[in-house]
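Participant:
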Amino acid sequence: MEPFCLTWTAYDGGFEYPDQFPVCKQSMLNFTNALDEYYRCEETTLKDIFDKLLISVPATYNCYVEFFKDKDNGDPTSKCPPVDIPRFSPSYETEGIEINLGVPSCIAKNEGYNFAPKRAYQLDDCREQVEVFIGQSILSHSLNAASAQDQYDTYLRNLKWILDQKADDAVNKFNCIAKGHRLCI
């Protein structure tokens, strides 16, 4: 949300009192710093999440492979626990993150459902999904599937653009008000 000083002065033709300008200017600085901090937090959080997933997803798949070395069918989740998908709430204005962070359904822990391969021959489909997720394959189990790195890059690029747009809009509005113009929206 943009600084409050931009909302109550937007229609009155500029700052009415001399103290309003420096106070609003400081609010603008706080606002742009908060946007920068939000971006850094999202970047760090998402990097930590994907770094962990890029270790646990292949490890779980490798555990499945070991499970099926001795038998042709069974439930590998009894030996290889599915990956818990960390909670991440992306900005509602930003695209780039897949459902369940793109973790393959054969690996992800799903409430009430188990999509792990039940037969050894089903490992191929799971392997393809894992390879896409870790960025080692261009083939995809879904038209929308993206690697963890692609999701990370796309989301942060889109987030940066949106936050820059918010900052630019607020600066333009502040400058309009500072010049004494009316209807600075």
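Just so we're aligned: the sequence shown equals residues 1423 to 1607 in the numbering used here. Every residue gets a Cβ at the ideal spot worked out from N, C-alpha and C, and that includes glycine. In this text, all values refer to a predicted model and were calculated from it rather than measured experimentally.
Helix, strand or coil: how does DSSP classify Y1460 here?
Facilitator: Position 38 of the sequence shown, counted from the first residue, corresponds to residue 1460. In the structure shown, Y1460 sits in a helix (DSSP, three-state: H, G or I).
Participant: Below 8 angstroms, can you find three or more Cβ-Cβ pairs linking the region 1493 to 1507 to the region 1548 to 1557?
Facilitator: no
Participant: By DSSP, does R1509 sit in helix, in strand, or in coil?
Facilitator: The count along the sequence shown starts at 1 and reaches residue 1509 at position 87. Annotated three-state conformation of R1509 is coil, per DSSP.
Participant: DSSP on V1439, reduced to helix/strand/coil?
Facilitator: Here residue 1439 is taken as the residue at index 17 of the sequence shown, counted from 1. According to the sequence as given, residue 1439 is Tyr; it is not Val. Coil at Y1439, not helix or strand.
Participant: For M1450 versus F1596, is the C-beta distance shorter than 8 angstroms?
Facilitator: The residue given as residue 1450 occupies position 28 in the sequence shown. The residue given as residue 1596 occupies position 174 in the sequence shown. The answer is yes: Cβ separation under 8 angstroms.
Participant: Taking only three categories from DSSP, how would you classify R1604?
Facilitator: Sequence index remark: in the sequence shown, residue 1604 carries index 182 (1-based). R1604: coil per DSSP, three-state reduction.
Participant: What's the gap between the Cα of N1455 and the Cα of E1533?
Facilitator: The residue labelled residue 1455 in the question sits at position 33 within the sequence shown. The residue labelled residue 1533 in the question sits at position 111 within the sequence shown. Put simply, the backbone Cα of N1455 is about 39 angstroms away from that of E1533.
Participant: Are there 16 or more other CB atoms within 10 angstroms of the CB of L1605, so buried, or fewer, so exposed?
Facilitator: Numbered from its first residue, the sequence shown carries residue 1605 at position 183. Classification for L1605: exposed.
Participant: Take Y1461 and list the residues in its own chain whose beta-carbon comes closer than 7 angstroms to its own, dropping the five residues that flank it on each side.
Facilitator: As a first step, residue 1461 must be located in the sequence shown, where it is residue number 39. Answer for Y1461: L1581, K1582 and L1585, listed in chain order.
Participant: Relative to the C-alpha of E1520, which candidate in V1554, Y1483 and F1426 has its C-alpha closest?
Facilitator: Within the sequence shown, the letter at position 98 stands for residue 1520. Nearest option by C-alpha distance: V1554.
Participant: By the three-class DSSP mapping on this structure, what secondary structure does N1536 have?
Facilitator: If you number the sequence shown from 1, residue 1536 lands on position 114. N1536 falls in the coil class under three-state DSSP.
Participant: Please work out which residues of its chain come closer than 6 angstroms, Cβ to Cβ, to S1527, disregarding the five sequence neighbours upstream and downstream, and give them in chain order.
Facilitator: Taking the sequence shown and counting its residues from 1, one reaches residue 1527 at position 105. Counting only Cβ-Cβ distances below 6 angstroms, and skipping sequence neighbours, we find F1537.
Participant: Quick check on E1488: buried or exposed, where buried means 16 or more other Cβ atoms within 10 Å of its Cβ?
Facilitator: Here residue 1488 refers to the residue found at position 66 of the sequence shown. Exposed, because fewer than 16 other Cβ atoms sit within 10 Å of the Cβ of E1488.
Participant: Considering only the alpha carbon of each residue, which of W1430, F1426 and R1541 lies closest to N1452?
Facilitator: Looking up residue 1452 in the sequence shown gives position 30. Cα-wise, what sits closest to N1452 is F1426.
Participant: Leaving out the 5 sequence neighbours to the left and right, which residues in its chain are closer than 8 angstroms to A1570 when beta-carbon positions are compared?
Facilitator: Reading the sequence shown from its first residue, position 148 is the one you call residue 1570. Scanning its chain for C-beta atoms nearer than 8 angstroms, with the 5 sequence neighbours on each side dropped, one finds around A1570 the residues F1472, L1475, L1476, L1523, G1524, F1555, I1556 and G1557, in chain order.
Participant: Taking the alpha-carbon positions, what's the G1436 to C1598 distance?
Facilitator: By one-based count along the sequence shown, residue 1436 stands at place 14. By one-based count along the sequence shown, residue 1598 stands at place 176. Those two C-alpha atoms are separated by around 8 angstroms.
Participant: What's the gap between the Cα of Y1514 and the Cα of Q1448?
Facilitator: Stepping through the sequence shown from its first residue, residue 1514 is reached at position 92. Stepping through the sequence shown from its first residue, residue 1448 is reached at position 26. Between Y1514 and Q1448, the C-alpha separation is close to 28 angstroms.
Participant: Exposed or buried, what is E1438 when buried is set at 16 or more other beta-carbons lying within 10 Å of its beta-carbon?
Facilitator: One-based indexing of the sequence shown puts residue 1438 at position 16. E1438 should be labelled exposed.
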